[in-house]
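> Heads up, the numbering used here is the position in the sequence shown plus 363, with the first residue counted as 1.
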Amino acid sequence: MAMAMASSQVCVARGALSAAQRLSSKDALRCDQPMNGMVSFHGLRASISIRRVGQTHAMPLVEKARLRAVPSRRRPVSGVQCSATNNGSAVQKHSGMNIVLVSTEVAPWSKTGGLGDVLGGLPPALAARGHRVMTVSPRYDQYKDAWDTNTPLEITIGNRTETVNFFHTHKRGVDRIFVDHPLFLAKAAIEATKILSLDSNEFFSGPYGENVVFVANDWHTALLPCYLKSAYKPSGQFQNAKVAFCVHNIAYQGRFAFGDFDKLGLSDEFRSSFDFIDGYEKPVKGRKINWMKAGFLESDLNMTVSPNYASELASGSDKGVELDSIVRKQGIVGICNGMDVQEWDPSSDKYLDTPYDINTVFEAKPELKAALQAEVGLPIRPDVPLFGFIGRLEEQKGSDILAEAVKDFLKDDVQLIVLGTGKKHLEKQLEELDTLFPGKAIGVVKFNTPLAHLITAGADFLLVPSRFEPCGLIQLHAMRYGTIPVVASTGGLVDTVSEGITGFHVGKAFNVDCEVVHPDDVKLLAATVKRAVKSYGALELKRMIRNCMSQDLSWKGPACRWEETLLGLQVEGSSSGHEGEEVAPKAKSNVAAP
Numbered sequence: 364m365a366m367a368m369a370s371s372q373v374c375v376a377r378g379a380l381s382a383a384q385r386l387s388s389k390d391a392l393r394c395d396q397p398m399n400g401m402v403s404f405h406g407l408r409a410s411i412s413i414r415r416v417g418q419t420h421a422m423p424l425v426e427k428a429r430l431r432a433v434p435s436r437r438r439p440v441s442g443v444q445c446s447a448t449n450n451g452s453a454v455q456k457h458s459g460m461n462i463v464l465v466s467t468e469v470a471p472w473s474k475t476g477g478l479g480d481v482l483g484g485l486p487p488a489l490a491a492r493g494h495r496v497m498t499v500s501p502r503y504d505q506y507k508d509a510w511d512t513n514t515p516l517e518i519t520i521g522n523r524t525e526t527v528n529f530f531h532t533h534k535r536g537v538d539r540i541f542v543d544h545p546l547f548l549a550k551a552a553i554e555a556t557k558i559l560s561l562d563s564n565e566f567f568s569g570p571y572g573e574n575v576v577f578v579a580n581d582w583h584t585a586l587l588p589c590y591l592k593s594a595y596k597p598s599g600q601f602q603n604a605k606v607a608f609c610v611h612n613i614a615y616q617g618r619f620a621f622g623d624f625d626k627l628g629l630s631d632e633f634r635s636s637f638d639f640i641d642g643y644e645k646p647v648k649g650r651k652i653n654w655m656k657a658g659f660l661e662s663d664l665n666m667t668v669s670p671n672y673a674s675e676l677a678s679g680s681d682k683g684v685e686l687d688s689i690v691r692k693q694g695i696v697g698i699c700n701g702m703d704v705q706e707w708d709p710s711s712d713k714y715l716d717t718p719y720d721i722n723t724v725f726e727a728k729p730e731l732k733a734a735l736q737a738e739v740g741l742p743i744r745p746d747v748p749l750f751g752f753i754g755r756l757e758e759q760k761g762s763d764i765l766a767e768a769v770k771d772f773l774k775d776d777v778q779l780i781v782l783g784t785g786k787k788h789l790e791k792q793l794e795e796l797d798t799l800f801p802g803k804a805i806g807v808v809k810f811n812t813p814l815a816h817l818i819t820a821g822a823d824f825l826l827v828p829s830r831f832e833p834c835g836l837i838q839l840h841a842m843r844y845g846t847i848p849v850v851a852s853t854g855g856l857v858d859t860v861s862e863g864i865t866g867f868h869v870g871k872a873f874n875v876d877c878e879v880v881h882p883d884d885v886k887l888l889a890a891t892v893k894r895a896v897k898s899y900g901a902l903e904l905k906r907m908i909r910n911c912m913s914q915d916l917s918w919k920g921p922a923c924r925w926e927e928t929l930l931g932l933q934v935e936g937s938s939s940g941h942e943g944e945e946v947a948p949k950a951k952s953n954v955a956a957p
């Protein structure tokens, strides 16, 4: 069964993508039957052993003294505290959940896309609700704010033994753990909850313990539920721990040669969970192992980053990328992402000469639009609608569809600015824009953060013509800045942008065949742009701008829905959180940098 999705984005999913390549890389909706038919394994064993080794002393003495000097005002993680009210009755103070999110990237320390943003933004929002939250990710560099925990660990998988070191920092209410050996990320994450005594918070102290909710993110962490079932639970450990597996992009699945299963240190009972017949011609048809499939089957709960994307994953093999039947069998929960409302705040954006909010947007945006036009060399014309595009130049993002559609809609009196890097042939098309459409279009082929912020604030409309988009962030940034998104009707774009209220939809999803630019898709995009142009200068557009800017696009709402969903796993000692405020970064200098 040869499928049609052939962009490099999807082709990678058909082969083997390493973690290193990746890094150089309104309520929750349940689809189909919710969480029925879960696979349970008992009494399995894996050829994995763990051994503590001698400690090192990498943390400076002054830092140790500082930590010892912190007053001990911490409350236990598990259990319930009671205090008396005015009428003498007892009030329970719940401690929330112990949540451990595992990922190959976490912003701002490591990031290639939306996965890093989620791991940067969701954990502080969960911590603000009173939960004890840890993230575990590889330590790709010498992060200046992460200290050695002095707890080296030997991990053996199969016939290979390696020493793993853990580094730690506490930021915005979250324990950030960095593992010095990315190969053993899943095993290290499980061990971290037992062996790391973390006292960096006034409310929590000591190890996280075994009553934990693990959140494994994407295929790189799909071994975590397998190891938990094979190496820990049979020996009486982590009996109450549960795993939620969150898919951020199903195009990347971790497909490897079938014989590679023997290298994972798992018993044969797990082989069927990995067993997968690859139906794609590229790189080669045949029997493989599929880490993401195993993650779906072995976890207690499956999640993804928007309700509509959850529906799409179950809809068929084109959007489910050959795992749709597994998704339908296991069930899945979709919760939309939030965004970093501190980095992306028009009232305090350091890249804008004219800050603004919902009360001053109509005075500020004309000034910012003129500044943007001047910056890129377009004629300064307040009477012309200005469209922007910010993103990777590749088929998933629909930049090839846009390249064809401009030939139609740029015949009208409009302007276009495209910012991005990616595939060379698409970069070449971008560079030719100002030659083909002088005074009307400009392409900037580079990564430019200040210009990205200026486009987001100064453009009238922002184009998001993605073929598929699990959730998407660019449309959230646009709405926060009062710039109207013009989007393809796919994935999280359907959940986050409302037609005629906060943006314009093309009306249907584009064809996911990345080898061909379909004429119907080009016509749809051009027609939607022209529809947006007609709204320019009208009261309708001002109303939409106000609608966009009046939304709460932060992680607060998503964190509540995540909490509700994870509580459904019923891990012992877990309880609801409470309304709270996130801990804001002290300053940009406090953000980790390599």
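Glycine included, each C-beta is placed from N, C-alpha and C at the ideal position.
Are the CB atoms of G493 and H881 nearer to each other than 8 Å?
For this step, residue 493 is matched to residue 130 along the sequence shown. For this step, residue 881 is matched to residue 518 along the sequence shown. For G493 and H881, no; Cβs fall outside 8 Å.
> Can you list, in chain order, the residues of its chain with a C-beta nearer than 7 Å to that of D775? Leave out the 5 residues immediately preceding and following it.
In the sequence shown, residue 775 corresponds to position 412, counting from 1. Result list for D775: K893, V896, in chain order.
> Can you confirm whether the region 930-937 touches the region 602-615 when touching is taken to mean that 3 or more C-beta pairs between the two stretches lie within less than 8 Å?
With a cut-off of 8 Å, the region 930-937 and the region 602-615 count as touching, because enough Cβ pairs lie within range.
> Can you tell me whether P718 is helix, strand or coil according to DSSP?
Residue mapping note: residue 718 aligns to position 355 of the sequence shown, counting from 1. Reduced to three states, the DSSP call for P718 is coil.
> Opposite K638 in the DSSP bridges: which residues?
For this step, residue 638 is matched to residue 275 along the sequence shown. Per the sequence shown, the amino acid found at residue 638 is Asp instead of Lys. DSSP output for D638 lists I652 as bridge partner(s).
> Compare the C-beta of Y899 with all C-beta atoms of chain D and state if any pair is closer than 8 Å.
Absent from the structure is chain D; it holds one protein chain and no more.
> Using the beta-carbon count (16 or more within 10 Å), is A428 buried or exposed?
Along the sequence shown, read from residue 1 onward, the residue named residue 428 stands at position 65. Low per-residue confidence applies at A428: pLDDT is 35, beneath 50, and the placement is therefore not dependable enough to give any value.
> Candidates G572, T584, V747: which alpha carbon is nearest E468's?
Within the sequence shown, numbered from 1, the residue matching residue 468 stands at position 105. Cα-wise, what sits closest to E468 is T584.
> Does DSSP put N665 in a helix, in a strand, or in coil?
To locate residue 665, count along the sequence shown from 1; it is residue 302. Looking at N665 - three-state DSSP - the assignment turns out to be strand.
> What is the DSSP secondary structure of H941, reduced to helix, strand or coil?
What you label residue 941 is simply residue 578 of the sequence shown in a count that begins at 1. Three-state result, H941: coil.
> Less than 8 Å between the C-beta atoms of K557 and P570, yes or no?
To locate residue 557, count along the sequence shown from 1; it is residue 194. To locate residue 570, count along the sequence shown from 1; it is residue 207. It is a contact, given that the beta carbons lie within the stated cut-off.
> Does the count of Cβ pairs from the region 663-672 and the region 835-855 closer than 8 Å reach three?
Touching, yes, given that three or more Cβ pairs across the two stretches are closer than 8 Å.
> Compute the Euclidean distance between the alpha carbons of E1001 and M460, then round it to the nearest angstrom.
One cannot answer for residue 1001 here, as it falls past the ends of the chain, which runs 364 to 957.
> Indicate the three-state DSSP secondary structure (helix, strand or coil) for V425 in the structure shown.
Along the sequence shown, read from residue 1 onward, the residue named residue 425 stands at position 62. Its pLDDT being 34, under 50, V425 is placed unreliably in this model, and the value from its coordinates should be taken loosely. In this structure, V425 counts as helix in the three-state DSSP scheme.
> Can you tell me whether L902 is buried or exposed, with buried defined as 16 or more other CB within 10 angstroms of its CB?
Within the sequence shown, numbered from 1, the residue matching residue 902 stands at position 539. Exposed, because fewer than 16 other Cβ atoms sit within 10 Å of the Cβ of L902.
> Between A490, A815, K474, which lies nearest to W925 when the distance is taken from Cα to Cα?
Here residue 925 corresponds to residue number 562 of the sequence shown, with the count starting at 1. The shortest Cα separation from W925 among A490, A815, K474 belongs to A490.
> When the distance is taken between beta carbons, is N612 closer than 8 Å to L464?
In the sequence shown, the residue the question calls residue 464 occupies position 101. In the sequence shown, the residue the question calls residue 612 occupies position 249. Result no, Cβ atoms of L464 and N612 do not sit closer than 8 Å.
> Among G622, K791, C609, F659, which residue has its Cα nearest to the Cα of L478?
Against the sequence shown, residue 478 aligns to sequence position 115. Of G622, K791, C609, F659, the residue nearest in Cα terms is C609.
> Going along the chain, which residues of its own chain have a beta-carbon closer than 6 Å to the beta-carbon of D823, five neighbours each way excluded?
Numbered from its first residue, the sequence shown carries residue 823 at position 460. Excluding sequence neighbours, D823 sits near P748, L749.
> Decide if D884 is buried, meaning its Cβ has at least 16 other Cβ atoms within 10 Å, or exposed.
Mapped onto the sequence shown, residue 884 falls at position 521. So D884 ends up on the buried side.
> For A815 and L782, I'd like the C-alpha separation in whole angstroms.
Your numbering for residue 815 matches position 452 in the sequence shown. Your numbering for residue 782 matches position 419 in the sequence shown. Between A815 and L782, the C-alpha separation is close to 7 Å.
> If you drop the 5 nearest sequence neighbours on each side, which residues of the same chain put their C-beta closer than 7 Å to that of E794?
Against the sequence shown, residue 794 aligns to sequence position 431. For E794, where only same-chain residues beyond five positions count, the Cβ hits under 7 Å are G806, V808.
> How do the region 840-853 and the region 626-633 stand: do at least 3 beta-carbon pairs fall below 8 Å, yes or no?
No, they do not touch.
> Count the other C-beta atoms from every protein chain shown that fall within 10 angstroms of the C-beta of L799, then say buried if there are 16 or more, exposed otherwise.
Here residue 799 corresponds to residue number 436 of the sequence shown, with the count starting at 1. By the 10 Å Cβ count, L799 comes out exposed.
> Counting Cβ pairs, one atom from each stretch, are 3 or more of them under 8 Å apart for the region 857-876 and the region 732-751?
Verdict: no, contact absent.
> Assuming P486 contacts N700 under a Cβ cut-off of 8 Å, what Cβ separation, rounded to an integer in Å, is found between them?
Here residue 486 corresponds to residue number 123 of the sequence shown, with the count starting at 1. Here residue 700 corresponds to residue number 337 of the sequence shown, with the count starting at 1. About 13 Å; that fails the 8 Å criterion.
> Pop quiz: Y706 and C589 are said to be a contact at Cβ under 8 Å. What is the actual Cβ separation, rounded to whole angstroms?
Numbered from its first residue, the sequence shown carries residue 706 at position 343. Numbered from its first residue, the sequence shown carries residue 589 at position 226. Looking at the sequence provided, one finds Glu at residue 706 rather than Tyr. Contact doesn't hold; Cβ gap of about 36 Å is too wide.
> Rounded to whole angstroms, what's the CA-CA distance from Q778 to K760? Just pull it up for me.
Position 415 of the sequence shown, counted from the start, is the residue given in the question as residue 778. Position 397 of the sequence shown, counted from the start, is the residue given in the question as residue 760. Going from the Cα of Q778 to the Cα of K760 covers about 20 Å.
> May I ask which residues mark the beginning and end of the beta strand (DSSP E) holding D687?
Looking up residue 687 in the sequence shown gives position 324. First-last for D687: 687-693, but that is the alpha helix (DSSP H), not the beta strand (DSSP E).
> Name the residue from K550, W472, E730, G484 whose alpha carbon lies nearest to the alpha carbon of L836.
Locating residue 836 in the sequence shown gives position 473, where the first residue counts as 1. The shortest Cα separation from L836 among K550, W472, E730, G484 belongs to G484.
> Can you tell me which of Q838, S938, M842, P828 puts its alpha carbon nearest to the alpha carbon of A890?
For the purposes of this step, residue 890 is identified with residue 527 of the sequence shown, where counting begins at 1. Here the closest residue by C-alpha is P828.
> Out of curiosity, what's the CA-to-CA distance linking W510 and G900?
Position 147 of the sequence shown, counted from the start, is the residue given in the question as residue 510. Position 537 of the sequence shown, counted from the start, is the residue given in the question as residue 900. Taking the straight line from one Cα to the other gives about 54 Å.
> Whose C-beta lies closer than 7 Å to the C-beta of D641 among residues of the same chain, with five residues either side of it excluded?
Within the sequence shown, residue 641 is the residue found at index 278, counting from 1. Answer for D641: R377, R618, K648, G649, K651, listed in chain order.
> Which first and last residues belong to the alpha helix (DSSP H) in which N528 is found?
Position 165 of the sequence shown, counted from the start, is the residue given in the question as residue 528. Looking at the DSSP string, N528 is not in any alpha helix (DSSP H), and its letter there is neither H nor E.
> DSSP on F659, reduced to helix/strand/coil?
Working through the sequence shown from its first residue, we reach residue 659 at position 296. In this structure, F659 counts as helix in the three-state DSSP scheme.
> List, from N- to C-terminal side, the alpha helix (DSSP H) runs of 4 residues or more that fit wholly inside the region 756-786.
Qualifying alpha helix (DSSP H) stretches, in chain order: 762-772.
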